[in-house]
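Everything below concerns the one structure shown next.
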Amino acid sequence: MAPGTTALLLLVISQCISAALITNLPGAPAANFKQYSGYYTVGATKNHQLHYWLVFLLTIFGLRYFPTDPVLLWLTGGPGCSGLSALLTEWGPFMVNDDGATLRNNPYSWNTKASVLTLESPAGVGYSFATDNKLKTGDDQLVDGVCMGQKLCYEKTLFAECKICIFSSTRAVSSARS
Numbered sequence: 001m002a003p004g005t006t007a008l009l010l011l012v013i014s015q016c017i018s019a020a021l022i023t024n025l026p027g028a029p030a031a032n033f034k035q036y037s038g039y040y041t042v043g044a045t046k047n048h049q050l051h052y053w054l055v056f057l058l059t060i061f062g063l064r065y066f067p068t069d070p071v072l073l074w075l076t077g078g079p080g081c082s083g084l085s086a087l088l089t090e091w092g093p094f095m096v097n098d099d100g101a102t103l104r105n106n107p108y109s110w111n112t113k114a115s116v117l118t119l120e121s122p123a124g125v126g127y128s129f130a131t132d133n134k135l136k137t138g139d140d141q142l143v144d145g146v147c148m149g150q151k152l153c154y155e156k157t158l159f160a161e162c163k164i165c166i167f168s169s170t171r172a173v174s175s176a177r178s
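The numbers in the working numbering rise by one with no breaks, and the one at position 88 of the sequence shown is 88.
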């Protein structure tokens, strides 16, 4: 994994812990794991807001957190596609019911094995946005968004000991590793 990608992931997750706890997700069953959602500011002019949804590891013992638990970063490819579609239809803790308005538990959720961070990158994808209207969704912007934390020190962050893996549905991982 590219050093900048690791740094950004750790930085985003560290910020997620202190804010944006999802306590009630309308239409969803009660969750027995923690999850966070919100925005992370990126870009030299701080005009880009990347949307994230972090789902913590679920264990048979209930809520827990160990700094060595694995973390997965999910990037839906293109780049230019929202990661929430996969989160709600494939591997996330909930799946959309046929009524389109409610959710059910997903017994095959990846958060039975790891904490999962869905990052909608670059700005302009999904709920991510740019306040300066300078939206581009190519490989360069994906790499800029994912690698912006390259120079930040994360030795003492919450997830510094974690094994971090990047997953995607297409070539987003290849772009992020550039």
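Here a beta-carbon is modelled for each residue, glycine too, at the ideal position from N, C-alpha and C.
Buried or exposed by the 16-neighbour rule on C-beta atoms within 10 Å, applied to residue 102
If you number the sequence shown from 1, residue 102 lands on position 102. That one is exposed.
With C-beta atoms as the reference, is residue 128 less than 8 Å away from residue 35?
In the sequence shown, the residue the question calls residue 128 occupies position 128. In the sequence shown, the residue the question calls residue 35 occupies position 35. No, they are not a contact pair.
Who are the near neighbours of residue 151 in its chain, counting only those whose CB is closer than 7 Å to its CB and skipping five residues on each side?
Taking the sequence shown and counting its residues from 1, the one referred to as residue 151 is at position 151. For residue 151, the predicted structure reports a pLDDT of 29, less than 50, and the residue's modelled location is therefore unreliable. The matter cannot be settled from this model.
Provide the residue span of the beta strand (DSSP E) that contains residue 231, from first to last.
The requested residue 231 is not part of the displayed model; the chain covers only 1 to 178.
Nonlocal neighbours in the same chain, by C-beta distance under 6 Å from residue 110, ignoring five residues either side:
On the sequence shown, residue 110 is found 110 positions in, with the first residue counted as 1. These residues qualify, in order along the chain: 91, 116.
Proximity to residue 112 [Cα-Cα], best of 83, 96, 56:
Within the sequence shown, the letter at position 112 stands for residue 112. When each option's Cα is compared against that of residue 112, the closest is 56.
Could you tell me the alpha carbon to alpha carbon distance between residue 87 and residue 119, rounded to whole angstroms?
Residue 87 sits at position 87 when you count from the first residue of the sequence shown. Residue 119 sits at position 119 when you count from the first residue of the sequence shown. Going from the Cα of residue 87 to the Cα of residue 119 covers about 11 Å.
Taking only runs of the beta strand (DSSP E) that begin and end inside the stretch 74-140, which ones reach a length of at least 3 residues, in chain order?
94-96, 103-105, 115-120
Exposed or buried, residue 30, counting other C-beta atoms within 10 Å across all chains shown (16 or more means buried)?
On the sequence shown, position 30 is the one that residue 30 refers to. Residue 30 is exposed by the Cβ-count criterion.
Sorted by chain position, which residues of the same chain lie with C-beta nearer than 6 Å to residue 104's C-beta, five sequence neighbours on each side aside?
As a first step, residue 104 is located in the sequence shown; it is residue number 104 there, counting from the start. So the list reads 95, 97, once near-sequence residues are dropped.
Going straight from the alpha carbon of residue 84 to that of residue 100, what length do you get?
For the purposes of this step, residue 84 is taken as the residue at position 84 of the sequence shown. For the purposes of this step, residue 100 is taken as the residue at position 100 of the sequence shown. Taking the CA atoms as reference points, residue 84 sits about 14 Å from residue 100.
Can you check DSSP and say which residues form a bridge with residue 41?
Counting from one through the sequence shown, the residue named residue 41 turns up at place 41. For residue 41, which the question treats as bridged, DSSP gives the partners 49.
Can you confirm whether residue 89, when its beta carbon is compared against all beta carbons of chain C, has any partner nearer than 8 Å?
The displayed structure is made up of one protein chain only, and chain C is not part of it.
Whose CA, out of 133, 32, 46, 21, lies closest to the CA of residue 52?
In the sequence shown, residue 52 corresponds to position 52, counting from 1. Out of 133, 32, 46, 21, 21 has the C-alpha closest to the C-alpha of residue 52.
Using 8 Å as the threshold, is the C-beta distance between residue 114 and residue 75 below it?
For the purposes of this step, residue 114 is taken as residue 114 along the sequence shown, with counting starting at 1. For the purposes of this step, residue 75 is taken as residue 75 along the sequence shown, with counting starting at 1. Cβ atoms of residue 114 and residue 75: not closer than 8 Å.
Give me, in chain order, the residues of the same chain whose beta-carbon lies closer than 7 Å to that of residue 135; leave out the 5 immediate sequence neighbours on both sides.
Translated into positions along the sequence shown, residue 135 becomes position 135. Excluding sequence positions up to five before and after residue 135, its CB lies within less than 7 Å of the CB of 123, 124, all in the same chain and listed in chain order.
Ordered along the chain, which non-local residues of its own chain (more than five positions away) have a Cβ less than 7 Å from that of residue 106?
Locating residue 106 in the sequence shown gives position 106, where the first residue counts as 1. The residues are 92, 93, 94, 95.
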